[in-house]
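A.B. asks:
2 protein chains.
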Amino acid sequence: MSSPEPVAPPLRRRGERMRRAVLAAAVDLLSSQGLAGATVGAVARAAGVHETSVYRRWGTRENLILDALTTELDATLPVPDTGRVRDDLLAFFSALARLLVTAQGRALLRLSVEQDDALEDRRGPYWSERLDRAVLMVRRGVERGELAADTDPGLLIEAVSGPLFVRVLLSGAPLDEVLVRGLVDLALDGARPR
Amino acid sequence: MSSPEPVAPPLRRRGERMRRAVLAAAVDLLSSQGLAGATVGAVARAAGVHETSVYRRWGTRENLILDALTTELDATLPVPDTGRVRDDLLAFFSALARLLVTAQGRALLRLSVEQDDALEDRRGPYWSERLDRAVLMVRRGVERGELAADTDPGLLIEAVSGPLFVRVLLSGAPLDEVLVRGLVDLALDGARPR
DNA sequence: GGTCCATCGCAGGTCGACTTGCGTTAACCG
DNA sequence: CGGTTAACGCAAGTCGACCTGCGATGGACC
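Chains Z and B supply the protein sequences, listed in that same order. Each residue of the first sequence is one higher than the last, beginning at 845 in the working numbering. Each residue of the second sequence is one higher than the last, beginning at 845 in the working numbering.
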């Protein structure tokens, strides 16, 4: 007698098809179950792939999640050029803040912190990549004479973005427009009376 | 025949004695083996205590390490009062930076980020506790007329401390006097030409 | 100094991350 | 379109975090 249940042909996806299936499953689980729910076993099962295969391709769970997140989360954070530094910075960091309050944004940030031991390099290339481009706004402001000539572009970016990251990672305090505006204005005008 | 090895009397420390022994062992392992080496089993063994007892008292490995670190690392970060905001801020954040580059400081920061799910509260009470006191310096500066009356003390503290935390957690960039000075001056004077 | 109970020690177990060896097959290449 | 091989499936196992039940004892209290 033929088996009543066709035993679901193993599909046996491999190569790029398998990669995409796993990454999609990872993002799905990440969104529905949260960071803790995205177990390597669970992701593999959801993707119809064997757990071993996942480990062979990604090595660690961290790599897997990081890959899934950075692949799907290609929020490119455009660098505006309105002609005024303040407006540029406001637009850029508001976009950053909106990205960071996302479940995926938070997860990506959290994971960027993990990498303790092996391969000390490649630390948070995702974020630094995005922030490095932001110095353009500052440079343009300097050229326009809006900012002092000796302004350190990177430092200014750090001073505004730092608190945003810290709020997500440590304090858990909210990220809103008011915060971004306050940080940008502080970095531009300083706390001393003008 | 009497047993040649006296089988090391189980000691059976309990209560406060046991607590201190475990915490000390944890700090020892943390310093010598790093974060990854401070296994619950290893800490228990080093303290001459059963692993189960550790779990009963601390619940999770994270709690244990956090307790050990915050207990030993009572670097109180004194809030200076020199009469000039800039000097106060410089002294305070230099001390913070020196604490953060420590192996224990880094470990404590990293662990402060972990707490994903259970008990959403008590997030980084260690750091916020210390930074909350720092607003005093800013308030005094405002009263002295050194800073604008509408200065947000907390925001200023965040703008300077944020980048320090982020460098330890994400970018791995160095923390030195130059950085601290740059951040303090940016927060005080702003990037716009005076 | 005897009693009692919270605190421990201990054995055994679950679960997820990660590894290894071996058999099997999909996919690309000629 | 047949062959080769790297890419999978699968079984079995290690290791650390964390839990559970039970028996034993340290210590405080009377």
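Glycine included, every Cβ here is placed at the ideal spot set by N, Cα and C.
Any idea if proline 1037(Z) is buried or exposed, counting beta-carbon neighbours within 10 angstroms, 16 or more meaning buried?
C.D. replies: Residue mapping note: residue 1037(Z) aligns to position 193 of the first sequence, counting from 1. With fewer than 16 other Cβ atoms within 10 Å, it is exposed.
A.B. asks: Near arginine 858(Z), what residues of its chain come up, given a Cβ to Cβ distance below 6 Å and the 5 sequence neighbours on each side ignored?
C.D. replies: Here residue 858(Z) is taken as the residue at index 14 of the first sequence, counted from 1. Closer than 6 Å at the Cβ level, and outside the excluded window around arginine 858(Z), lies no residue.
A.B. asks: Given valine 893(B), which residues of its chain have a CB within under 7 Å of its CB, disregarding the five upstream and five downstream residues?
C.D. replies: The residue labelled residue 893(B) in the question sits at position 49 within the second sequence. Answer for valine 893(B): Arg857, Met862, Ala865 and Val866, listed in chain order.
A.B. asks: For the structure I just gave you, are there three or more beta carbon pairs, one from the stretch 978–992 of chain B and one from the stretch 904–913 of chain B, closer than 8 Å?
C.D. replies: No, they do not touch.
A.B. asks: Determine the closest residue to valine 871(Z) out of Met981(Z), Glu958(Z) and Glu916(Z), with distance taken between C-alpha atoms.
C.D. replies: Stepping through the first sequence from its first residue, residue 871(Z) is reached at position 27. Of Met981(Z), Glu958(Z) and Glu916(Z), the residue nearest in Cα terms is Glu916(Z).
A.B. asks: Looking at chain Z, is there any beta carbon in it that lies within less than 8 Å of the beta carbon of tryptophan 971(B)?
C.D. replies: Against the second sequence, residue 971(B) aligns to sequence position 127. Cβ-Cβ to chain Z under 8 Å: yes for tryptophan 971(B).
A.B. asks: Report the neighbours of aspartate 996(B) on chain Z: residues whose CB is nearer than 7 Å to its CB, in chain order.
C.D. replies: Taking the second sequence and counting its residues from 1, one reaches residue 996(B) at position 152. Going along chain Z in sequence order, the residues near aspartate 996(B) (Cβ under 7 Å) are Gly1026.
A.B. asks: Give a yes or no on whether the C-beta atoms belonging to arginine 1000(Z) and alanine 1003(B) are separated by under 8 Å.
C.D. replies: In the first sequence, the residue the question calls residue 1000(Z) occupies position 156. In the second sequence, the residue the question calls residue 1003(B) occupies position 159. The question names arginine, yet the displayed sequence has leucine at residue 1000(Z). Taking 8 Å as the Cβ cut-off, leucine 1000(Z) and alanine 1003(B) do not qualify as a contacting pair.
A.B. asks: For valine 1028(Z), does the count of other Cβ atoms within 10 angstroms reach 16, so buried, or fall short, so exposed?
C.D. replies: Numbered from 1 along the first sequence, position 184 holds the residue referred to as residue 1028(Z). It is buried - the Cβ of valine 1028(Z) has at least 16 other Cβ atoms within 10 Å.
A.B. asks: Do tryptophan 902(Z) and leucine 1014(B) have their C-beta atoms within less than 8 Å of each other?
C.D. replies: Your numbering for residue 902(Z) matches position 58 in the first sequence. Your numbering for residue 1014(B) matches position 170 in the second sequence. Not a contact, by the Cβ cut-off of 8 Å.
A.B. asks: Can you give, in chain order, each stretch of the alpha helix (DSSP H) that sits fully within the stretch 863–951 of chain B and has at least 4 residues?
C.D. replies: 884–891, 895–902, 905–916 and 929–944, all fully within the stretch 863–951 of chain B.
A.B. asks: With 16 as the cutoff for other CB atoms within 10 Å, does proline 1018(B) come out buried or exposed?
C.D. replies: Counted from its first residue, the second sequence places residue 1018(B) at position 174. With fewer than 16 other Cβ atoms within 10 Å, it is exposed.
A.B. asks: The alpha helix (DSSP H) that contains aspartate 1033(B), what's its start and end?
C.D. replies: As a working note, residue 1033(B) is residue 189 in the second sequence. Here the alpha helix (DSSP H) through aspartate 1033(B) covers 1021–1033.
A.B. asks: Quick check on valine 923(Z) - is its C-beta less than 8 Å from some C-beta in chain B?
C.D. replies: The residue labelled residue 923(Z) in the question sits at position 79 within the first sequence. Chain B contact via Cβ: absent.
A.B. asks: Would you say valine 1010(Z) faces chain B, with C-beta separation under 8 Å as the test?
C.D. replies: Your numbering for residue 1010(Z) matches position 166 in the first sequence. Yes, its Cβ sits closer than 8 Å to a Cβ of chain B.
A.B. asks: Which residue wins for smallest C-alpha separation from leucine 921(Z), given the options Val979(Z), Leu955(Z) and Gly881(Z)?
C.D. replies: As a working mapping, residue 921(Z) is identified with position 77 in the first sequence. Of the candidates Val979(Z), Leu955(Z) and Gly881(Z), the one whose C-alpha sits nearest the C-alpha of leucine 921(Z) is Val979(Z).
A.B. asks: Measure how close the beta-carbons of serine 897(Z) and alanine 947(Z) come, nearest whole angstrom, since I'm counting them as under 8 Å.
C.D. replies: Translated into positions along the first sequence, residue 897(Z) becomes position 53. Translated into positions along the first sequence, residue 947(Z) becomes position 103. So it is not a contact: roughly 27 Å between Cβ atoms.
A.B. asks: Output, in sequence order along the chain, the residues in the stretch 898–915 of chain B whose CB is closer than 7 Å to any CB in chain Z.
C.D. replies: Under the 7 Å Cβ criterion, the stretch 898–915 of chain B contributes no residue.
A.B. asks: Would you mind working out which of Asp1033(B), Gly1026(B), Ala1035(B) and Asp911(B) sits nearest phenylalanine 937(B), comparing C-alpha positions?
C.D. replies: Counting from one through the second sequence, the residue named residue 937(B) turns up at place 93. Out of Asp1033(B), Gly1026(B), Ala1035(B) and Asp911(B), Gly1026(B) has the C-alpha closest to the C-alpha of phenylalanine 937(B).
A.B. asks: With 16 other CB atoms within 10 Å as the buried threshold, where does valine 982(Z) fall?
C.D. replies: Position 138 of the first sequence holds residue 982(Z). Buried, because 16 or more other Cβ atoms sit within 10 Å of the Cβ of valine 982(Z).
A.B. asks: Buried or exposed, going by whether 16 or more other CB atoms sit within 10 Å of the CB of arginine 900(Z)?
C.D. replies: Residue mapping note: residue 900(Z) aligns to position 56 of the first sequence, counting from 1. So arginine 900(Z) counts as exposed.
A.B. asks: Consult DSSP for glycine 998(Z) and reduce its assignment to one of helix, strand or coil.
C.D. replies: Position 154 of the first sequence, counting from 1, holds the residue named residue 998(Z). Of the three classes helix, strand and coil, the one that applies to glycine 998(Z) here is helix, per DSSP.
A.B. asks: Between glutamate 1002(Z) and chain B, is there a C-beta pair that is closer than 8 Å?
C.D. replies: Counted from its first residue, the first sequence places residue 1002(Z) at position 158. Closer than 8 Å: yes.
A.B. asks: Please work out which residues of its chain come closer than 6 Å, Cβ to Cβ, to proline 997(Z), disregarding the five sequence neighbours upstream and downstream, and give them in chain order.
C.D. replies: Here residue 997(Z) refers to the residue found at position 153 of the first sequence. Excluding positions up to five away in sequence, the list reads Val979, Val982 and Arg983.
A.B. asks: If proline 924(Z) sits next to aspartate 911(Z), beta carbons under 8 Å apart, how far is it from one beta carbon to the other, in whole angstroms?
C.D. replies: Sequence index remark: in the first sequence, residue 924(Z) carries index 80 (1-based). Sequence index remark: in the first sequence, residue 911(Z) carries index 67 (1-based). Their Cβ separation, rounded to whole angstroms, is 29 Å, which puts proline 924(Z) and aspartate 911(Z) out of contact at 8 Å.
A.B. asks: Would leucine 953(B) and valine 1010(B) be called neighbours here (beta carbons separated by less than 8 Å)?
C.D. replies: Here residue 953(B) refers to the residue found at position 109 of the second sequence. Here residue 1010(B) refers to the residue found at position 166 of the second sequence. It is not a contact, given that the beta carbons lie outside the stated cut-off.
A.B. asks: Quick test of your reading: alanine 890(B) and leucine 873(B), contact by CB under 8 Å. State the CB separation rounded to the nearest angstrom.
C.D. replies: By one-based count along the second sequence, residue 890(B) stands at place 46. By one-based count along the second sequence, residue 873(B) stands at place 29. That belief holds up - the Cβ atoms of alanine 890(B) and leucine 873(B) are roughly 6 Å apart, short of 8 Å.
A.B. asks: Kindly list the residues whose CB is nearer than 8 Å to the CB of leucine 1008(Z), restricted to its own chain and excluding five residues on each side of it in sequence; keep chain order.
C.D. replies: As a position in the first sequence, residue 1008(Z) is number 164, starting the count at 1. Phe937, Leu940, Ala941, Leu944, Leu1019, Leu1023, Val1024 and Leu1027, listed in sequence order.
A.B. asks: Between which two residues does the alpha helix (DSSP H) carrying glutamate 990(Z) extend?
C.D. replies: The residue given as residue 990(Z) occupies position 146 in the first sequence. From DSSP, glutamate 990(Z) is part of no alpha helix (DSSP H); its letter is neither H nor E.
A.B. asks: Pick from Gly949(Z), Arg928(Z), Val929(Z) and Glu895(Z): whose alpha carbon is nearest that of alanine 919(Z)?
C.D. replies: Counting from one through the first sequence, the residue named residue 919(Z) turns up at place 75. Comparing Cα-Cα distances from alanine 919(Z) to each of Gly949(Z), Arg928(Z), Val929(Z) and Glu895(Z), the minimum goes to Gly949(Z).
A.B. asks: So, using beta-carbon positions, are leucine 1032(B) and serine 1005(B) closer together than 8 Å?
C.D. replies: Here the question's residue 1032(B) lines up with position 188 in the second sequence. Here the question's residue 1005(B) lines up with position 161 in the second sequence. No, they are not a contact pair.
A.B. asks: Tell me whether threonine 926(Z) is buried or exposed, calling it buried when 16 or more other Cβ atoms sit within 10 Å of its Cβ.
C.D. replies: Stepping through the first sequence from its first residue, residue 926(Z) is reached at position 82. It is exposed - the Cβ of threonine 926(Z) has fewer than 16 other Cβ atoms within 10 Å.
A.B. asks: Reducing DSSP to helix, strand and coil, say where glycine 1016(Z) ends up.
C.D. replies: The residue labelled residue 1016(Z) in the question sits at position 172 within the first sequence. Three-state result, glycine 1016(Z): coil.
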